[in-house]
Structures are given as structure tokens and as C-alpha cells.
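What follows is one structure encoded as C-alpha cells, with my remarks underneath.
Protein chains in written order, with the numbering used here: chain W, 1 to 465; chain Z, 1 to 296.
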């Protein structure tokens, strides 16, 4: 042991305690920072390096060395929290999509299309008993007016679905742009972290920032993160890489004609049935979870199914009524349409007029002309039409309810796993206060040691006069 | 270290739970103010399906009740007409009997003939009764008169029955066939009466007496028709009762499915408010304290 080794030990103790206090200060300052992981000072006792014939037997160590400033995280907890959060976002977005569809189409029988179908059916029933000229024209025009109401409502529902499709397309674009911006930032941070670590510095704050960005990216695209040895990460969306080390690539959305065709649709003319496809550098990169996936699924699958349901119903309505009426009453504005062909909900219209209505003159031909057998036939055909619509609406209500339940469940799961991740890396003020007190005492004690060494040396130096 | 609590997680949990509490309160409030527990199908898809069905059945029930009213209109039009016809026929019968007892001279017979002719006019008017601009004794034909107003009094009755749907799947015939009561072609009551009038004007009372059996037959047929209408009216009364009861039942069911019991809802809301208050108080106490309060 040398004369001044005690002073050296005290000096090292002071600086270690000071580092401890500063780290605790950093933790406390960031107690409310999103994505911050608490940091701990790792210190170890330092042994005296002795060699050769100057080795002494009973010598204490050389003080304390700070071996590292660790960032306390659990990789598994973080990854689980990220995944669950992405799933929760996906379900929440899906729930929004279905709610909007239900807003457009659904009803409980007191309002909506069910009510109009019931009114139309009763108008036909009234027509069946009108005769002569008293009230006949009124009954006929009531039937046509209510038929027009039903047709207009179906067209309106289809329009709402189409506008929802446009909105989903715009939302998907926005999310994609966000994802690309985040990916660029992640690549930038990768570069900084790699440089810092290679230079021997501490990159803990940068890593926290990067983790935040990765959570956001995962919420949007369900991205997978792969850690590399040099401190950088690779991020994969589906099977394509959006970030590799220092470089980031752009996620692109294209609208193609349909599931079977790959012709690109020019902007401004997208409609339901077109498919939104995500790709990175030409390679298919469909997100596996996250809000972008729910948006794409809503546009590519949900709206297509719902529009098909509307089209099928329009066809059934037109063919049931036209067959029972014996003439064309519901038609389509599509060119080249013939009676009996399928009708799209967006093109449904009433082609009959009061002038051309069957026995509008009150005379008519055939058996039971004044008792309007055809009107009775139409009125009874409506039973089937109404139950088809009821089935549609009930399925929609059930799907929407189940999606909303799944969303709630997923958000509960996400909350729990976020709590677990936070439990590992979050800051607890009580703990920090305790550490602060401990470091403070250590500092005072080390200062005391220094004073004592100083007095001892004083005694030594004043020994020889 | 398992189960470590941090400031962030305390805040996050408290916030989430308070929001859930508020969401429950808001939902109860919406139910109470709107009066219905089913504002959209996804609230409860099973009850929504039931509500759809019930609304549909109520609409059908309303349609049927309108048809019942119409049927009743037909009955109340036909019955007085037939009654009047029956009375006129009986009056004619009396006149014919009087003509046939041989105490009248040619002028007397002519006077009787004139009365019979007038009574025939009444019966013709009855036969051409209209309901909403349509002859009731002409079946489903659209003509405004069931019988031509002059010889040979051709009938416009097409022999079809007028049917009305009075309850799901049940139709009721509401008309009496004109041909059954007043006859058709050469065998209709007006030509028979014309023959009587002609023979009385010619002074032949015996021919008139011979056709008494025909008049009796007509009176019979008219009585039968009136009895039929009586039976139909009974059926109508019963159907209307059933219809009204069914409507009440359906509306009760609908209220069960989607209605809100105000007392129960208000109690739940009160309980929820108390729970919310408790949550707020506890949150206030736990979020505030930390070690800092106790260190010098």
C-alpha cells in the first residue's frame, strides 16, 4: 500500500457515489417519460494489481470501479407488450370499421330499411282491395312512391359503403406515410447507436427512443424486430424488411383491380372490389397485425362482403316483385339490363309509372281484375323479401358485436402485458428516493474517509521537525 | 422482480378503471333517457333479431286489421241491401196474392202492376249497391253496376269470390254472389217480375199467381244470403278480437325485448354512481402519497 492509496480509494468512492446520485436524478427526472427504462449503476470492488517481488500479503483493494450503466429491460416482456398492443390496435380499428358499416346498413326494425319494407308491403296490401276509380290512383302512386323510397335507400346505403371505402383508403395512406417516417427515424437512430457504442459511450437514451418508435411502428404494421450484435435492429413487416441497419425502405400501397387481376387502378377511381396491396420494393409486404392490417382488411374484405349482401338483396327484391307483379316494376339503370338479370344495389330504380301501371284505368283484363290478384301476390311475396333482409341485418349485428367484444378483450390483454413490461423497466419513486439516500450517505462517508486520511497524513508530515 | 409497481402503472391503471366506470354510467344514462335498451343491433344481436321479428309481425298485424275494417265495410253494405230486397219481395208477394184473389177488376190489376213495377225498381237499386265505387254483387268485376238497368238485365257478376287476408294465411270471402240471389240470364228476378207485371197489365191474374212459387224461391234465397252474412259477421267479430289481443301481446313482447324498466335502470345507475365516487376517493388517496412526503 502506498502513502496516498487511501486518498485514491476515497476519491474513487466519491466519484462512484456521485455517479449513483446522478443516475438516480436521471431516473427521477424521467419518471413520467414514455418509454423510458430506468438505469442502474453497476459497480464492483477493484482489486490491487500486484506482480513480482513487490507483492504484499495483507492489502485491501483499490476502491470501487463502475463497470456499467445498465438499462433495465426484459426483452421478452417488451416484445410481448409490443405484440399485444398491435393486436389491440388491430381489433380496435376493425371494431370502428364494423361500427361504421352498421351505422350505414343496420337497423332494429323500428327505423331503417325494415320499416320502409313494411310500409311498402302494406301499400301493396291496400292496393289489393282498391277498385273502380275511387282511390285507385292514390293507392297506385303510394305503391310507387314507397317503392322509390326503398330503392333510394338501397342506393344510399351503397353510396355510404363506397364513401367508407374512400375513407379507409385515405386512412391506409396516412398510416403508411407514418410508418415510413418512423422507419426513417429508426434507421437514423440505428446509425447513432452503433456509432456511440463503437466509440465506447452509453446509448441508453437513444435505445429508449428507438424502442418507442418501434412500438409505434408495430402498432401500425405489426412489425417484427430482430436485434443485431452491433446494437442496431432490423425491422420486418410481413416477410419484407422495412429497416436494415442504417437503411430504411418505403412501404408502398397500390390499388389493383381485383383479387384476380393486377392492373393498377388510377387514383380517383377506386371503388369497392379493388384490392389495396402493400409492398416494399416490389415485394409483397402485407402487415400481419396492427391498425394498417385492420384498415386493409376492412377495405379489401369486409366492405366487399357487405356490398355483395346489398346487391343480392336488391336482386331478390327486384325479381320477387317483378315476378309477382307480372311486369317490370323494379329495374336497373345499367345499360343493357334485362328483366331477370341480377341488379346492383347502386343501380336499383323504379321503372314503372302510374300511367303504365297494371289496370291503371280501373278496368283491366283477366280474372279478378278488380280485386288485383297480382297485388295480393306481391304482398305475399314480401314475406320472403323481408325475412331475407332481417337475416342480413341480424348477421351484421352479430358480427359487429363479436368484433367489439374481441376488441375489448384484446385491450385488456394489452393493458396487462404493458403493466408487466412497465413493472420491469418503470421508475418507482420510493425506490429512487431510497437509493438517493443510500448514495448520499455513501458520499458523506467517503468524504469523511478523505478527511481522516488527510489528518493522518498531516500527523505523519508533522512527525519530523 | 415480480409484480413491481411503478408510478406510471399506478396512473395508467387508475385512469383506465375510472374511464371504465364512467363508460358504464354513461351507458345507463343513455338507456334511461332514450327509454330503450337496444339502440343499435350490435348492443345485443339476439335481442335485435327478436325485435326485428316482432316489429315485422306488428306491421303484418296492422295490415290485417285494415283488411278486417274493409271486410266489415262490405258486410255493412250488403246486409241492408239484402234486407231491403227481402222486404220488397215480401211486399210483392202480398200484392200478387191480393191480385190473385179475383176481387179486382182490370184497373185494379193495373194499379197492382204499377206497384210491383216500382218495387222492382227498389230491388234493382239494391242489386246495384256500391261499396267505394264498386258494385258489391258483381264479384271481383270492376263494373259500377251489377245489373243493367233495363231488360234483359244482364248480370255483370263474374262469379269470383272477393277475398281478404284477415290474419296470416287466413283469407275470408266477404261477398255474396249476385247471381245466387238475383239470378242470371233468363232466370233473373227482374225478368220474372217483368213477366208478372206484363200479365197483370193484360188482366191475367192466374199467370201471376202461378209465379208465386218463384217469388217464394227468391225470398228463400235472399234469407239464406242474409244468414250467410250474419255468420260472416260473427267470424269477423271473432277475428277482430284475436287481432287486437295479438297486437297487445306483440307490443308487450317488444317492450320486454327492448324496453327499459325505469325503476331497475335508476337503481343500477345509483349503484354505479356510488361505485364511481368510491373509486375517485381511493384513487385520490393512493396516487398522492410517496416516500417523499416522509423524508426530511
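Using N, Cα and C, we set each Cβ at its ideal position, and we do this for glycine too.
Residue j beta carbon less than 8 Å from that of residue i
i: residue 158/W; j: residue 307/W; result: yes
i: residue 97/W; j: residue 398/W; result: no
i: residue 429/W; j: residue 291/Z; result: yes
i: residue 400/W; j: residue 129/W; result: no
i: residue 493/W; j: residue 176/W; result: The requested residue 493/W is not part of the displayed model; chain W covers only 1 to 465.
i: residue 144/W; j: residue 354/W; result: yes
i: residue 126/Z; j: residue 81/Z; result: yes
i: residue 61/W; j: residue 453/W; result: no
i: residue 260/Z; j: residue 10/Z; result: no
i: residue 233/Z; j: residue 86/Z; result: no
i: residue 254/Z; j: residue 51/Z; result: yes
i: residue 280/W; j: residue 235/W; result: no
i: residue 144/Z; j: residue 161/Z; result: no
i: residue 68/Z; j: residue 245/Z; result: no
i: residue 449/W; j: residue 13/W; result: yes
i: residue 343/W; j: residue 318/W; result: yes
i: residue 32/Z; j: residue 266/Z; result: yes
i: residue 298/W; j: residue 151/W; result: no
i: residue 38/W; j: residue 402/W; result: no
i: residue 185/Z; j: residue 159/Z; result: no
Nearest-angstrom Cβ-Cβ length linking residue i and residue j, presumed shorter than 8 Å
i: residue 521/W; j: residue 332/W; result: The displayed coordinates of chain W run from 1 to 465. Any statement about residue 521/W would go beyond what the structure contains.
i: residue 86/W; j: residue 219/W; result: 5 Å
i: residue 17/W; j: residue 439/W; result: 5 Å
i: residue 42/W; j: residue 70/W; result: 6 Å
i: residue 147/W; j: residue 120/W; result: 6 Å
i: residue 275/Z; j: residue 21/Z; result: 7 Å
Candidates the options: closest to residue i by CA position
i: residue 227/W; options: 75/W, 30/W, 281/W; result: 75/W
i: residue 264/W; options: 255/W, 270/W, 271/W; result: 255/W
i: residue 413/W; options: 25/W, 46/W, 82/W; result: 82/W
i: residue 427/W; options: 2/W, 25/W, 5/W; result: 25/W
i: residue 112/W; options: 424/W, 459/W, 393/W; result: 393/W
i: residue 404/W; options: 36/Z, 97/Z, 44/Z; result: 44/Z
i: residue 315/W; options: 330/W, 14/W, 4/W; result: 330/W
i: residue 178/Z; options: 132/Z, 211/Z, 187/Z, 250/Z; result: 187/Z
i: residue 241/W; options: 402/W, 187/W, 19/W, 21/W; result: 187/W
i: residue 30/W; options: 288/W, 115/W, 204/W; result: 204/W
i: residue 49/Z; options: 269/Z, 154/Z, 257/Z; result: 257/Z
i: residue 373/W; options: 136/W, 336/W, 125/W; result: 125/W
i: residue 165/Z; options: 280/Z, 63/Z, 106/Z; result: 63/Z
i: residue 124/Z; options: 153/Z, 211/Z, 14/Z; result: 153/Z
i: residue 141/Z; options: 72/Z, 150/Z, 131/Z; result: 131/Z
i: residue 115/W; options: 145/Z, 120/Z, 57/Z; result: 57/Z
i: residue 67/W; options: 195/W, 232/W, 200/W; result: 200/W
i: residue 183/Z; options: 32/Z, 137/Z, 95/Z, 102/Z; result: 137/Z
i: residue 295/Z; options: 436/W, 444/W, 55/W, 11/W; result: 436/W
i: residue 216/Z; options: 89/Z, 7/Z, 293/Z, 134/Z; result: 89/Z
i: residue 79/Z; options: 53/Z, 129/Z, 204/Z, 30/Z; result: 129/Z
Residue i - containing beta strand (DSSP E), residue span
i: residue 305/W; result: Unbroken run through residue 305/W is the alpha helix (DSSP H), 303-325; no beta strand (DSSP E).
i: residue 241/W; result: 240-244
i: residue 254/W; result: 251-256
i: residue 226/W; result: 224-227
i: residue 45/W; result: 39-46
i: residue 68/W; result: 63-71
Buried or exposed by the 16-neighbour rule on C-beta atoms within 10 Å, applied to residue i
i: residue 64/W; result: buried
i: residue 52/W; result: exposed
i: residue 390/W; result: buried
i: residue 464/W; result: exposed
i: residue 230/Z; result: exposed
i: residue 222/W; result: buried
i: residue 462/W; result: exposed
i: residue 230/W; result: exposed
i: residue 163/Z; result: buried
i: residue 23/Z; result: exposed
i: residue 432/W; result: buried
i: residue 262/Z; result: exposed
Residue i, enclosing alpha helix (DSSP H) - first and last residue
i: residue 382/W; result: 373-425
i: residue 279/W; result: Run containing residue 279/W: none in the alpha helix (DSSP H); it sits in the beta strand (DSSP E), 275-280.
i: residue 91/Z; result: 45-100
i: residue 115/Z; result: 106-127
i: residue 453/W; result: 429-461
i: residue 97/W; result: 75-105
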